[in-house]
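Below is one structure, written out as structure tokens, with a few remarks after it.
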Amino acid sequence: DVARYIPQLAAVNPEQFGVAACSVDGQQYAKGEVDFMYCAQSTSKAIQYCMALEQFGEEKVHKHVGVEPSGQSFNKMALNPAGLPHNPMINSGAIMTCSLLHPDLNVADRLDAIMQTWREMGAGGDIGFDNATYLSEKNTADRNFCLGYMMKEAGAFPEGTDLIE
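Numbering (the working numbering), first residue to last: 2 to 166.
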């Protein structure tokens, strides 16, 4: 189901479906509406996590995000007993892994670096950024902002993390 609380996403036809896979030796399979541009949303969580692991390794990443299931919904207002997100696949964990990526760069350059990684992983495919969806999400992101401040209060973020940025 599409996220109805985000206006831009609520307008998307929930019947649209497509799937594609590429084997390690380059064989490709695609079925359904695979030429339709879509918003990655939660599918980005696994990719961000991999990017953080590649940049910093497990030890550093897991100082800031756990690895256990939470047993809760993806946007639950909860941290694990250590004051960390339970895992990278829930909203708090995705916020945390994003905060780890390219900490030495300003916001614009961070976005460029992350988008470049997505383009490389997409074999040069059309990877974009939809500003209307970003603004729609930002305007309804009170819960995610709250998760960010919960993690800040718990001391979960790397030193120097600016939640506004």
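Each residue gets a CB set at the ideal place from its N, CA and C atoms; glycine is no exception.
All figures in this text were calculated on a predicted structure; none of them were measured in a lab.
As a beta-bridge residue in DSSP terms, residue 32 pairs with 20.
Around residue 50, the same chain offers 89, 98 as residues with beta carbons nearer than 7 Å, after the five sequence neighbours per side are excluded. By the C-beta density criterion, residue 62 is buried, having at least 16 other C-beta atoms within 10 angstroms.
Here DSSP, grouped into helix, strand and coil, assigns residue 110 to helix. Here the alpha carbon of residue 118 sits roughly 15 Å from the alpha carbon of residue 109.
About 6 Å separates the Cβ atoms of residue 96 and residue 145, confirming a contact at the 8 Å cut-off.
Going by DSSP, residue 134 is part of the alpha helix (DSSP H) stretching over 132-140. The three-state secondary structure of residue 44, taken from DSSP, is helix. Between residue 162 and residue 93, the C-beta gap is not smaller than 8 Å, which leaves the two residues out of contact. Excluding sequence positions up to five before and after residue 83, its CB lies within less than 8 Å of the CB of 67, all in the same chain and listed in chain order. By alpha-carbon distance to residue 21, the top candidate from 29, 165, 134 is 29.
Judged by beta-carbon spacing, residue 42 lies beyond the 8 Å limit of residue 102, meaning their Cβ atoms are not closer than that value.
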